[in-house]
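**Student:**
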Amino acid sequence: MTRRRIVSIWFPQLVMERWRNAHPATDDAIPLALAEEGPHGQVIAAVNAAARHGGARRGQRMTDARAILPTLAIAPADPAGDAAALAAMGRWAQRWSPWTAVDGADGLLLDTGGAAHLFGGEAAMLAGMARAFGALGHTSRIALAPTIGAAWALAHYGGKEQVVIAEDDLAAALAPLPIASLRIDADAVLLLRRLGIKTVGALRGIPTEALGRRFRKHRRAIANPLRRLQQAYGDVEEVVAPLAPHKVYRASARVLEPIRHVAVLEPVVADLAADLAQQLEEAHLGLRRARFEAFRIDGHIAQLEVETAAPVRAPAHVVRLFSEKLDGLDAGFGFDAFALTALWHEQMDALQKGLEEDEAPGISFAHLIDRLRVRLGAGNVRLAAPCASHVPERSIVWQEDMGAPGAFGEILRDRPIRLFDRPEPVTVIYATPDGPPRRFRWRRQLHDVARSEGPERIAPEWWRERSEVRLRDYYKVEDEAGRRLWIYRSGVVGDGRGGPPQWFVHGLFA
Amino acid sequence: MTHVPCLIPTASSSCSSLLPETIVAPRPMLQEIFAAPGDASATGLALAQLPGGEGGSAPLFWVQEARAAGEAGRVFAHGLPPRLRRPVLHVFVRKARDVLWAMEEGLKCASLGAVIGELHGNPQALDFTASRRLAVAAERHGVPAFLVRTGGHAELSGARRRWRVESRPSLPHPYDPKAPGAPAWSLDLFRARDMRPGIWDVGYDPAAHRLDLVSATGDGAMAERPSRYG
């Protein structure tokens, strides 16, 4: 397996440098801190060199810093702007590798496997990166290693501007680093320090089983040193989730005069659906869930969402799904803007439409299910699927997932075509000691049993049911008129699970 | 009891309209079947008319009104005849209007094997226009449609064939004289577009998926074969 070549770039002074770039006329001799609002007052987000020299540091409370350094100047920090700037730098770093991700608040990760030779080798590439970010006004620490964990650790704790670690040198390079370089939280660092473990190499020396036992309850990677250790050494795979161009497929429209009547919304939806379909078609995508928003002039937004069973683009189908629901919108003083957004889309390659479009005006199975669900509710549209159980009511499950209906195999015994949701009790008028009743009353009607077949004994599923559940003896009986019923006796005499056995009608044969 | 095997209809036969072959609708159409509430024979007749066997993976679309499901139970897919084992798409609705709407939507989908809607009583939504719409949709898209009515009476309807059906004593069981055998029904076709109305007693063989005529007198001994085959 070719190992990855991960570049971790750390901008130690990102916040202050951004501020500095925006305010070129500042005197660097004056100690300066950027403050952001913390839970208990202002907290320092970044300091310049003079302030650091005077004793102020990041994370300190502003009042404490002021007490140490009365001359400290304060300016507001801009965390949102910093994050946006870092994301922009992340996209910009795609010039080196498309697999680029933002790492925390002040770093970038790049997977440069197979890319370094384009920039004159790994060392030259790192130097080029440092130069490029330097031109943007940012100091950087860059490390290149086979794993994300190692690259991160060496960038943050390696102590050099640029480091390139080959696959074979990985263990030697990581061993002297402090345990904080494993990307674990402060609690884990404190715990390891209390245990006397100060370096990654010392932690690596402990048997994996022991570490795993000690931290087995820490599921999150940031609290689990073992996981982080394995990630750093490449025992466990970890990948760079790249900054994907996150495109929102959305069509919007405004109208000159507010629309107050819901009835005229359908053409609007049709326009938007056609627009959206075109966007999706260019991207080879199909719609799975869409939201229609109607913006009221009084500041409210009316929303409708529909979901489809299979990716669709056909505007007519989308319009139909919405038109069921449009009546429910409250127009108030009128809508003046509309938007249709694809909330969920899936790959859908171009399909040839029918050559003779008018020939088949029907709809597909997936479209049918969409329409039924929109109007009747998803829970009422279900597919019968067989389930491994002898108990009749459990041998069928009604599933909402239309994906793969199971096949109904051969059942040896005769089964009724209709089954009651709740078995209906019958009053036995004339019983026989063993076997079905000769005469019983069901739904206020007397039935004389002319012929019968059975019993078929179906025992309760003890692994699933309570211990009082009684076994059932099923009979297929036919009365004088020819009606064929599936009746059962619940329990037998003396089974110790309740009173005398009772009779129920459970199904009807054709 | 006399059991007449299935015949192939011929033009010369004077009783061709009596033959069970024509009971099975020759092409997809809307049929209405009336039955008493606790009687599943209407379901049986609807299923018996579907083409079975090869190419039989087209799902059945079953629409049940809540009251109809309460009266006659829910369709139990394990009980489908062997040749009609296929996926069952089930829709459960509260209003008769929604039953008709769902059926019409289903009829537009030509990949369905059949659309079966069940209604209880005489709902207001089921008028001539509604049933006529279903009849037209069924013929246009080639999907067999059945309106199964429990506890209702016949009013004006656009259905192409209208049946009243009730159970009659079943055919003899091949191995056990005391057990019920293959189902048998009394059919009353009281209105039809494409054939003469009539009354038949038929038996249904689930394994062969075939309707056979049985003698109306029923339950005789298996003594004689019908003489016209002799």
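From first to last, the protein sequence lines stand for chains A and B.
The first sequence begins at 12 in this note's numbering and counts up one residue at a time.
The second sequence begins at -18 in this note's numbering and counts up one residue at a time.
For glycine and all other residues, C-beta sits at the position ideal for the given N, C-alpha and C.
As the structure is a computational prediction, the values presented were derived from the model and not from experiment.
Go ahead and label I79/A buried or exposed: buried means 16 or more other beta carbons lie within 10 angstroms of its beta carbon, across all protein chains shown.
**Tutor:** In the first sequence, counting from the first residue as 1, residue 79/A sits at position 68. Under this definition I79/A is an exposed residue.
**Student:** For the segment 327 to 358 of chain A, which residues have a CB atom closer than 8 Å to at least one CB atom of chain B, in sequence order?
**Tutor:** Listed by position, the residues of the segment 327 to 358 of chain A near chain B (Cβ gap below 8 Å) amount to none.
**Student:** List, from N- to C-terminal side, the alpha helix (DSSP H) runs of 4 residues or more that fit wholly inside the segment 205 to 263 of chain A.
**Tutor:** Correct list: 211 to 215, 219 to 225, 236 to 244.
**Student:** From the DSSP output, read off the bridge partner residues of Y485/A.
**Tutor:** Here residue 485/A refers to the residue found at position 474 when the first sequence is read from its first residue. In the DSSP output, where bridge partners are listed per residue, Y485/A has E467/A, Y499/A.
**Student:** Please state the DSSP three-state secondary structure of D182/B.
**Tutor:** Within the second sequence, the letter at position 201 stands for residue 182/B. Here D182/B sits in strand by DSSP.
**Student:** With 16 other CB atoms within 10 Å as the buried threshold, where does E464/A fall?
**Tutor:** For the purposes of this step, residue 464/A is identified with residue 453 of the first sequence, where counting begins at 1. Flag for E464/A reads buried.
**Student:** Determine whether the Cβ of I407/A lies closer than 8 Å to any Cβ atom of chain B.
**Tutor:** The sequence position of residue 407/A within the first sequence is 396, counting from 1. Taking Cβ atoms only, chain B reaches closer than 8 Å to I407/A, which makes this a yes.
**Student:** Please determine, among R149/B, A135/B, P150/B, the residue with the shortest C-alpha to C-alpha distance to R143/B.
**Tutor:** As a first step, residue 143/B is located in the second sequence; it is residue number 162 there, counting from the start. Comparing Cα positions, the closest option is A135/B.
**Student:** Apart from the five residues just before and just after R393/A, which ones in its own chain have a Cβ nearer than 8 Å to its Cβ?
**Tutor:** Walking along the first sequence from the start, residue 393/A turns up at place 382. Closer than 8 Å at Cβ, skipping near neighbours: W409, Q410, E411.
**Student:** Report yes or no: is there a C-beta of chain B within less than 8 Å of the C-beta of A392/A?
**Tutor:** The count along the first sequence starts at 1 and reaches residue 392/A at position 381. A small fix is needed here, since residue 392/A is Val in this sequence, not Ala. It does: the Cβ of V392/A has a partner Cβ on chain B nearer than 8 Å.
**Student:** Looking at the secondary structure, which residues open and close the beta strand (DSSP E) in which A169/B lies?
**Tutor:** The residue given as residue 169/B occupies position 188 in the second sequence. What sits at residue 169/B in the sequence shown is Asp, not Ala. Start and end: 165 to 173.
**Student:** By the 9 Å beta-carbon criterion, what residues does the segment 164 to 185 of chain B contribute toward chain A?
**Tutor:** Answer set for the segment 164 to 185 of chain B: P164, A165, W166, S167, Y185.
**Student:** Run the CB neighbour count on P9/B, radius 10 Å, all protein chains shown included, and call it buried at 16 or more, exposed below.
**Tutor:** For the purposes of this step, residue 9/B is taken as residue 28 along the second sequence, with counting starting at 1. P9/B is buried by the Cβ-count criterion.
**Student:** For the putative contact between R424/A and E467/A, defined by C-beta atoms under 8 Å, what is the C-beta separation to the nearest angstrom?
**Tutor:** Within the first sequence, residue 424/A is the residue found at index 413, counting from 1. Within the first sequence, residue 467/A is the residue found at index 456, counting from 1. Confirmed, Cβ separation roughly 6 Å.
**Student:** Would you verify that the beta carbon of A395/A is, or is not, closer than 8 Å to some beta carbon of chain B?
**Tutor:** Along the first sequence, read from residue 1 onward, the residue named residue 395/A stands at position 384. Interface residue, yes.
**Student:** Taking the alpha-carbon positions, what's the E367/A to D347/A distance?
**Tutor:** As a position in the first sequence, residue 367/A is number 356, starting the count at 1. As a position in the first sequence, residue 347/A is number 336, starting the count at 1. Bear in mind that a pLDDT of 48 at E367/A, under 50, signals an unreliable position, so the number given afterwards is only what the model happens to contain. Cα to Cα, the separation comes out at about 39 Å.
**Student:** Taking the alpha helix (DSSP H) that E133/A belongs to, which residues open and close that run?
**Tutor:** Your numbering for residue 133/A matches position 122 in the first sequence. 133 to 146 is the span of the alpha helix (DSSP H), which, as asked, contains E133/A.
**Student:** Just by C-beta distance, which residues in the segment 94 to 127 of chain B are closer than 7 Å to chain A?
**Tutor:** Of all residues in the segment 94 to 127 of chain B, H122 have a Cβ within less than 7 Å of some Cβ in chain A.
**Student:** Span of the alpha helix (DSSP H) holding T24/B?
**Tutor:** The residue you call residue 24/B lines up with position 43 of the second sequence. Run containing T24/B: 22 to 29, per the alpha helix (DSSP H) assignment.
**Student:** Assuming W30/A is part of the alpha helix (DSSP H), what are its boundary residues?
**Tutor:** Position 19 of the first sequence, counted from the first residue, corresponds to residue 30/A. W30/A -> alpha helix (DSSP H) spans 25 to 33.
**Student:** Look at the alpha carbon of G339/A and the alpha carbon of E316/A, and state the distance between them as a whole number of angstroms.
**Tutor:** The residue given as residue 339/A occupies position 328 in the first sequence. The residue given as residue 316/A occupies position 305 in the first sequence. If you take the alpha carbons of G339/A and E316/A, they lie about 12 Å apart.
**Student:** Checking contacts by CB at 8 Å: is E472/A closer than that to chain B?
**Tutor:** As a position in the first sequence, residue 472/A is number 461, starting the count at 1. Output row for E472/A: interface = no.
**Student:** Cβ atoms of A165/B and V195/B: under 8 Å apart, would you say?
**Tutor:** Numbered from 1 along the second sequence, position 214 holds the residue referred to as residue 195/B. Numbered from 1 along the second sequence, position 184 holds the residue referred to as residue 165/B. Going by C-beta atoms, V195/B is nearer than 8 Å to A165/B.
**Student:** Only counting runs of 4 or more residues, tell me where the alpha helix (DSSP H) segments fall wholly within the segment 58 to 124 of chain B, in order along the chain.
**Tutor:** Entirely contained in the segment 58 to 124 of chain B, the alpha helix (DSSP H) runs reaching 4 residues are, in chain order, 77 to 88, 109 to 122.
**Student:** Can you check which of these residues, L147/A, A156/A, A234/A, is closest to I190/A by C-alpha distance?
**Tutor:** On the first sequence, residue 190/A is found 179 positions in, with the first residue counted as 1. It is A234/A.
**Student:** So what does DSSP say about Y441/A, is it helix, strand or coil?
**Tutor:** In the first sequence, the residue the question calls residue 441/A occupies position 430. Three-state DSSP puts Y441/A in a strand.
**Student:** Could you tell me whether any Cβ in chain A is nearer than 8 Å to the Cβ of D193/B?
**Tutor:** The residue labelled residue 193/B in the question sits at position 212 within the second sequence. Closer than 8 Å: no.
**Student:** In or out: P236/A buried (at least 16 other Cβ within 10 Å) or exposed?
**Tutor:** On the first sequence, residue 236/A is found 225 positions in, with the first residue counted as 1. Buried, since its Cβ has 16 or more Cβ neighbours within 10 Å.
**Student:** How many angstroms separate the CA atom of D193/B from the CA atom of R481/A?
**Tutor:** To locate residue 193/B, count along the second sequence from 1; it is residue 212. To locate residue 481/A, count along the first sequence from 1; it is residue 470. When rounded, the distance between both Cα atoms is 41 Å.
**Student:** If you measure between the beta carbons of V259/B and G98/B, is that distance less than 8 Å?
**Tutor:** The question about residue 259/B has no answer, for chain B in this structure spans -18 to 211.
**Student:** To the nearest angstrom, report how far apart H328/A and A285/A are at their CA atoms.
**Tutor:** Stepping through the first sequence from its first residue, residue 328/A is reached at position 317. Stepping through the first sequence from its first residue, residue 285/A is reached at position 274. So the two alpha carbons sit approximately 11 Å from each other.
**Student:** Once DSSP output is grouped into helix, strand and coil, what is the label at V(-15)/B?
**Tutor:** Start at 1 with the first residue of the second sequence, and residue -15/B comes out as number 4. Below a pLDDT of 50, predicted positions are generally treated as unreliable, and V(-15)/B, at 44, falls in that range; the measurement from the model is reported next regardless. Correct three-state label for V(-15)/B: strand.
**Student:** Among the residues of its own chain, which have a CB less than 6 Å from the CB of L97/A, if the five just before and after it don't count?
**Tutor:** In the first sequence, the residue the question calls residue 97/A occupies position 86. Taken in chain order, the residues that qualify are V113.
**Student:** Apply the 10 Å Cβ neighbour rule to P434/A and answer buried if 16 or more other Cβ atoms are within range, or exposed otherwise.
**Tutor:** Within the first sequence, the letter at position 423 stands for residue 434/A. P434/A is buried by the Cβ-count criterion.
**Student:** If we ignore side chains and look at the alpha-carbon of each, how far apart do A492/A and A27/B end up?
**Tutor:** Within the first sequence, the letter at position 481 stands for residue 492/A. Within the second sequence, the letter at position 46 stands for residue 27/B. Straight-line Cα distance between these residues: approximately 20 Å.
**Student:** Give the list of continuous alpha helix (DSSP H) stretches no shorter than 4 residues that lie fully inside the segment 297 to 351 of chain A.
**Tutor:** Correct list: 326 to 334.
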